[in-house]
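Reading through the structure tokens given below for one structure.
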Amino acid sequence: MLNMDTADLFSLYRQMLLIRRFEEKSAEMYALAKIAGFLHLYIGEEAIAVGAIASLRLDDYAISAYRDHGHCLARGSDPGRVMAELFGKATGLCKGKGGSMHLVDLPHRFMGGYAIVGGHIPLATGLAFANKYQSLDLVTVCFFGEGALPSGQAHEAFNLAALWKLPVIFICENNRYGMGTPAERAIALYGDVTETARSYGIAAESVDGMDVLAVRSVMQRVVAQVRAGHGPWFIEATTYRFMGHSMADPAHGHYRTKEEVEEYRKRDPLTLLKSTMMAQKLADEADFKQLEREIGEVVRAAVKFAEESPFPVRSALHADVVQE
Amino acid sequence: MELSYREALNQAMREEMRRDQRVFLIGEDVAYYQGAFKVSKGFVEEFGPKRVVDTPITEAGFTGLAIGAAMAGLHPIVELMTMNFGIVALDQIVNNAAKIRYMSGGQLSVPLVIRGPGSAAHQLGAQHSQSLEAWFCHVPGLKVIAPATPHDAKGLLKSAIRDPDPVIFIEAQLLYGTKGEVQEGEFTIPIGVAEVKRTGRDVTIVAYSKMLLLALEAAEALSREGVEAEVIDPRTLKPLDLQTIVASVKKTGRLVIVEEGWHFCGLGAQIAESVYSTAFDSLDGPIRRVTGEDVPMPYCRPLEDAAIPDLPRVIEAVKSLL
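Residue numbers (this note's numbering), protein chains in the order written: chain A, -8 to 315; chain B, 36 to 357.
Here it is as structure tokens:
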């Protein structure tokens, strides 16, 4: 019989495993040309979306950049409809019109993935502005990579959020590379990126983005602060992507070494949580095997749903440009 | 009642803000300065700083914020101090406001008005004198309105504020002080409906915003010479009311389009193509365009005058078709 804590940890592990296996399957489907366009995998960064979103209420807002599958799934989106969107099918979250980089799931308050670096950060301040304007005690969580940090739109958004004490939490997923350019060659304040936020008067801290429990613990505290109306927060979650920037490049490529990737893989967020649970004898191998079977089935079903769904009909082309 | 264009805009926003708590005004100096062109006079006193929001000079940031607020159900009115500064916010307008409904498969809406003065206002130089309507019209997902009279300005701004999609609302700076009769009481003018501003049998002149006044002036001058021009103001540039234009062309057989924007890829080129492809047989001659010159706007008055359509050029264009 699992106690509550164990169930809770399993839930976090389950979500991370879902994202991991979903992403692996996406890569496979990309190789089979079932998925086209750009495909940016979240493998290695799962603990951030899962830890952060676990601290939210269902009616809080989340918004992300183009590496968005993890956030969408962590928000509770149906994996079948996410996969169908990647396949470009009519049953996809966005009827096949968004694709991998533009997932939106309004019922789950996932307000979208956006693919102009830095461009969605002002949107997050707007969601927060609306909540404050309507006196709702909702928070907005905005995920972006450290590559967005030097962008002008990020700075304009930080300034507005701080100026108007907006209930928004900026989560900088620092995976150390903006595509192939290391952050230290792109960000003047790379020594401590939280300085960027602090310079606007935004409270900020760093957390180990490989440790889902650490992420959740920081977020629970921060969400309470922000919900109480104490203004925006900035969290740097240090992480690493185990795969290439997108499916267009290999895991390590020319810009980083295989050894470096291997080194970071030792801190795989799934392995970390699993080790903790095993060490505390909260679960054994059989439990994890059972979970693997379950998740494998969920992902297989998602692919089956996507495969069997129809493409949008031609007449869908002109729908949704403006309200009919 | 007679109102200035500025007062008509003020009334439209005031009425809509009284009607709907979700509507708020945001932009540079819109509150205590009352707007760079005093369009929001008295607003902060009536609605308070929560709904009349002064911003820092960061168009991308506050336009993006307004788009996000619209996604969450508010109805923002963004005032750009001039439409030229919309270029700074173009990523937000084009990549977010215009596309979010489509990319989300219809899940999200962006009910948003972005308004401010456009076109030349005499000797403001190259960066403050642009007519950028063709840029916005090019983008699927945006509606573009450029009214010329106080009455149209009021009725269309009210419709724009109630519209469920992003609307670019271009006011010509030189029109703010112009006066005209405005219908009393509550009224709106539907988006996408042109108006025949003057009837005539010999030639159709299509002109919008400030250029409508020029076209009407040209029509009066031509009338004295026995040429009766029909003048049509599309009022909404996108979606364009092609029907009204084509109906007129079928009657007159001749079309002149007057626009202040640059010639190459200008809005008139699109209007001409639309007319050619639907009413070619009705035309007695080629469609003539009178446009801004393809140069950055010069500062000095003689060169500036040379860069903008004027009365002789409109009259010459009409006469070339007779």
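Note that beta-carbon positions come from the ideal geometry of N, C-alpha and C, so glycine has one too.
Beta carbon of residue i nearer than 7 Å to that of residue j
i, j, result
"residue 185/A", "residue 152/A", "no"
"residue 150/B", "residue 114/B", "yes"
"residue 290/A", "residue 1/A", "no"
"residue 280/B", "residue 241/B", "yes"
"residue 379/B", "residue 245/B", "Here chain B covers residues 36 to 357 and nothing more, so residue 379/B does not appear."
"residue 203/A", "residue 260/A", "yes"
"residue 325/B", "residue 349/B", "yes"
"residue 117/B", "residue 157/B", "no"
"residue 1/B", "residue 44/B", "With chain B covering 36 to 357 only, the question about residue 1/B has no answer from this structure."
"residue 334/B", "residue 153/B", "no"
"residue 104/A", "residue 59/A", "yes"
"residue 231/B", "residue 186/B", "no"
"residue 10/A", "residue 61/A", "yes"
Other residues of its chain near residue i: CB distance less than 7 Å, five sequence neighbours each side excluded
i, result
"residue 222/B", "190"
"residue 259/B", "none"
"residue 30/A", "17, 21, 91, 237 and 238"
"residue 75/A", "82, 83, 296, 297 and 300"
"residue 96/A", "63, 66, 68 and 84"
"residue 180/A", "186 and 187"
"residue 231/A", "35, 166, 167 and 255"
"residue 87/A", "76, 79, 80, 81, 302 and 303"
Neighbour list for residue i in chain A, Cβ cutoff strictly below 7 Å
i, result
"residue 126/B", "107 and 110"
"residue 347/B", "Here the premise fails: no neighbours, minimum Cβ distance about 40 Å."
"residue 101/B", "117"
Proximal chain B residues relative to residue i, where beta-carbon distance stays under 8 Å
i, result
"residue 86/A", "140 and 141"
"residue 113/A", "95, 96, 97, 98, 99, 100, 102, 103 and 127"
"residue 201/A", "None at all; the shortest Cβ gap to chain B is about 30 Å."
Per-residue contacts from residue i into chain A (C-beta, under 8 Å)
i, result
"residue 85/B", "124"
"residue 246/B", "Near residue 246/B there are no residues of chain A at all, since even the closest Cβ is about 26 Å away, more than 8 Å."
Bridge-paired residues (DSSP) for residue i
i, result
"residue 168/A", "173/A"
"residue 131/A", "52/A and 159/A"
"residue 264/B", "238/B"
"residue 194/A", "224/A"
"residue 297/B", "327/B"
"residue 230/B", "268/B"
"residue 214/B", "39/B"
"residue 88/B", "61/B"
Listed by chain order, chain A residues near residue i by CB distance under 9 Å
i, result
"residue 109/B", "117, 120, 121, 124 and 125"
"residue 361/B", "Look at the range of chain B in this structure, 36 to 357, and you will see that residue 361/B is not part of it."
"residue 116/B", "Residues of chain A passing the Cβ test: none, with the nearest at roughly 16 Å."
Partners in chain B for residue i, counting only beta-carbon separations shorter than 9 Å
i, result
"residue 204/A", "In chain order: nothing, as chain B lies at least about 31 Å away."
"residue 150/A", "91, 93 and 96"
"residue 95/A", "135, 138, 139, 140, 142 and 143"
"residue 340/A", "Coverage of chain A is limited to positions -8 through 315, which leaves residue 340/A absent and any answer about it impossible."
"residue 61/A", "Ordered by position in chain B, no residue passes the 9 Å Cβ test against residue 61/A, which lies about 19 Å from the chain."
"residue 136/A", "Chain B residues near residue 136/A: none, gap ~17 Å exceeds 9 Å."
Other residues of its chain near residue i: CB distance less than 6 Å, five sequence neighbours each side excluded
i, result
"residue 128/A", "218"
"residue -7/A", "Interpretation of residue -7/A is limited by its pLDDT of 46, a score under 50 that renders its predicted location unreliable; the figure taken from the coordinates is listed afterwards. Excluding residues within five positions, none has a Cβ falling inside 6 Å."
"residue 211/B", "40, 41 and 72"
"residue 54/B", "none"
"residue 182/B", "188, 191 and 270"
"residue 194/A", "224"
"residue 262/B", "237"
"residue 81/B", "none"
"residue 78/B", "87"
"residue 139/A", "108, 109 and 145"
Neighbourhood of residue i by C-beta distance below 8 Å, restricted to the same chain and skipping five residues each side
i, result
"residue 318/B", "284, 288, 289, 290, 310 and 311"
"residue 322/A", "The shown model of chain A, from -8 to 315, leaves out residue 322/A, and the question about it has no answer."
"residue 225/B", "194"
"residue 282/A", "1, 4, 5 and 8"
Proximal residues of chain B, C-beta to C-beta of residue i below 7 Å
i, result
"residue 147/A", "93, 95 and 96"
"residue 89/A", "138, 139 and 140"
"residue 144/A", "95, 96 and 99"
Subject >> Members of the segment 193 to 220 of chain B that neighbour chain A once the beta carbon cut-off is set at 7 Å >> reply: The segment 193 to 220 of chain B vs chain A, Cβ under 7 Å: 199 and 200.
Original post:
Of the residues that make up the segment 308 to 332 of chain B, which ones have a beta carbon closer than 8 Å to any beta carbon in chain A?
Top reply: Listed in chain order, the positions of the segment 308 to 332 of chain B with a beta carbon within less than 8 Å of a beta carbon of chain A would be empty, since no residue qualifies.
Original post:
What residues in the segment 304 to 315 of chain A have a beta carbon less than 8 Å from any beta carbon of chain B?
Top reply: Listed by position, the residues of the segment 304 to 315 of chain A near chain B (Cβ gap below 8 Å) are 310, 311, 312, 313 and 314.
Subject >> Contact set between the segment 169 to 184 of chain B and chain A, restricted to residues whose Cβ is under 8 Å from the partner >> reply: Going along the segment 169 to 184 of chain B in chain order, one finds 175, 176 and 178 with a Cβ nearer than 8 Å to chain A.
Original post:
When you check each C-beta in the segment 36 to 58 of chain B against every C-beta of chain A, which residues fall closer than 7 Å?
Top reply: Per Cβ criterion, the list is empty.
Original post:
Name the residues in the segment 170 to 186 of chain A whose C-beta lies less than 7 Å from a C-beta of chain B; which are they?
Top reply: Correct list: empty, as no residue qualifies.
Subject >> Within 7 Å of chain B by C-beta, residues of the segment 53 to 83 of chain A in sequence order >> reply: Taking 7 Å as the cut-off between beta carbons, none of the residues of the segment 53 to 83 of chain A comes near chain B.
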